[in-house]
Structure formats: structure tokens, C-alpha cells
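Enquirer: Dumping the structure here so I can ask a few things about it.
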Amino acid sequence: MTEPGGKPVYINIALLTFVKPDAHIAGASVELGLTSGRVQGVRENIDEIIRLVKASHRGELTWIKLTEPNGKPIYINVSQVTAVRSESQIPGAHAELGFASGKLQGVRETSDEVMQLVANLAGQTANLP
Numbered sequence: 042m043t044e045p046g047g048k049p050v051y052i053n054i055a056l057l058t059f060v061k062p063d064a065h066i067a068g069a070s071v072e073l074g075l076t077s078g079r080v081q082g083v084r085e086n087i088d089e090i091i092r093l094v095k096a097s098h099r100g101e102l103t104w105i106k107l108t109e110p111n112g113k114p115i116y117i118n119v120s121q122v123t124a125v126r127s128e129s130q131i132p133g134a135h136a137e138l139g140f141a142s143g144k145l146q147g148v149r150e151t152s153d154e155v156m157q158l159v160a161n162l163a164g165q166t167a168n169l170p
């Protein structure tokens, strides 16, 4: 991947907690959340990043697509989620996700909708060869 300044950056995809379009890091197209709690901006677009994530997991579907309070998509690594709460202090969010890194993320979907996506995901991975 490429940092906003043009330097290559190598990210262990297994350490990603979320991937979302970025509006906070100058020159970045996508923001990557890491298990360390750090955020990394990259130039690649979100479709390229998700393609790399899916390829790296070889069919192990651990990612779900949700919606941030501002309406932008966010891809969540379910294996890094430690809590799903229906109460959120984040304006516009119906649910709040807690990550192993300690970061919180608000989403428009309700906690029930998030848990249904997670349950569907568990069913898909259980059926993999």
C-alpha cells in the first residue's frame, strides 16, 4: 500500500480492525484501523483494500460491511470486535462497536442488525470446506 506522502507502507492485514473511506488524513483515500489502536491513511481506494483483505483470508469471511453515522461505508473485522452495544454516545449511531484495541466505532445499524450479520457470517464460515 501507499502512504499519503507516496512512501510504501506494509500492513499485516490480520491486524486490521476496520477499513473506511477517509476524510481526516490529507492525501489519503482510505483509513485503516489497526489492533494497536493506531490509524493509518493510504492512497489506495476502499475497493482495492477490501479485495486484498478478502484474498488474504482465502474464503474465511470475517468482515462485514456497515454504515458510519455520516453515511459512509465501513468494513469491520468481526474477529477484532469485543462488544456490540445498543446504547451509543456517538451522534447518529444506533449501535457502538468496541474493538480489542480499545477504539469505539458508531454505526447506523442497530445492535440486532449487527448481530444478525455476525450470525450469518458464522453460518457461512461453518459451511466452508
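The numbering of the sequence shown is this note's numbering, which starts it at 42 and goes up by one. We put the CB at the ideal spot given by N, CA and C, even for glycine. Only a predicted model underlies this, so the values are computations on that prediction, with no experimental measurement involved.
Compare the beta carbon distance of Thr123 and Ile115 with 8 Å and say whether it is the shorter of the two.
Expert: No, Cβ-Cβ distance for Thr123 and Ile115 is not below 8 Å.
Enquirer: Where does Arg92 sit, in a helix, a strand or coil, going by DSSP?
Expert: In the structure shown, Arg92 sits in a helix (DSSP, three-state: H, G or I).
Enquirer: First and last residue of the beta strand (DSSP E) that includes Gln81?
Expert: It spans Val80 to Val83 - the beta strand (DSSP E) in which Gln81 sits, taken as one unbroken run.
Enquirer: Do Leu73 and Leu57 have their beta-carbon atoms positioned less than 8 Å apart in this structure?
Expert: Going by C-beta atoms, Leu57 is nearer than 8 Å to Leu73.
Enquirer: Excluding five sequence neighbours on each side, which residues of the same chain lie with their C-beta closer than 7 Å to the C-beta of Glu85?
Expert: The residues are Met42, Thr43, Ser70 and Val71.
Enquirer: Go ahead and label Ser96 buried or exposed: buried means 16 or more other beta carbons lie within 10 angstroms of its beta carbon, across all protein chains shown.
Expert: Checking the displayed sequence, the identity of residue 96 turns out to be Ala instead of Ser. Exposed.
Enquirer: Per DSSP, what are the beta-bridge partners of Glu72 in this structure?
Expert: DSSP, once it has assigned bridges, lists Lys61 and Gly82 as partnering Glu72.
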